[in-house]
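Accompanying notes for the structure given below.
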Amino acid sequence: KVSVACPQCRFKYPMDIQDVLLLRQAHTLGCGMIRNGEMLADSDLTASQLSWKRDFMARSTRDKVNDAYALYAHLMTKERLEEDLVKKEAEVWKLLLEKLPMEADEDGEDGEPGS
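Its first residue numbered 785, the sequence shown is counted upward by one per residue in the numbering used here.
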């Protein structure tokens, strides 16, 4: 098992690195796809952004992002970091998930909530 530290503070991540990477990817995608609260047109996105957008439209990916953020928020507030900072970091990707349509997963799971 590899131990990875934050590049800014050198503090070891207290959660699985895959969750950290997923949250970073969601934040990066949100920053690249949303301008003034509105989604950019697909023609304005790069190929990698379009690929990520497709991934983030799946219900399973959304669930993973929400679970990873819940753990992150719990751990960061436990470490007594600024709660406002934790909430602010989620604003970008939460707006992204609100604006993206949800699609069925490849395993056939319906994309509609509550189905």
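Yeah, the Cβ is synthetic: ideal placement off N, Cα and C, and Gly gets one too.
(Q) One question on the structure: do Met799 and Leu880 come within less than 8 angstroms of each other, judged by their Cβ atoms? (A) Against a cut-off of 8 angstroms, the Cβ pair of Leu880 and Met799 comes out as no contact.
Q.
Please state whether the Cβ-Cβ distance between Leu807 and Val849 is less than 8 angstroms.
A. Cβ atoms of Leu807 and Val849: closer than 8 angstroms.
Q) CA-CA distance, Ala888 and Arg843? A) For Ala888 and Arg843, the gap between their C-alpha atoms comes out near 7 angstroms.
Q: Can you say whether Ala831 is buried or exposed, counting buried as having 16 or more other CB atoms within 10 angstroms of its CB?
A: Ala831 should be labelled exposed.
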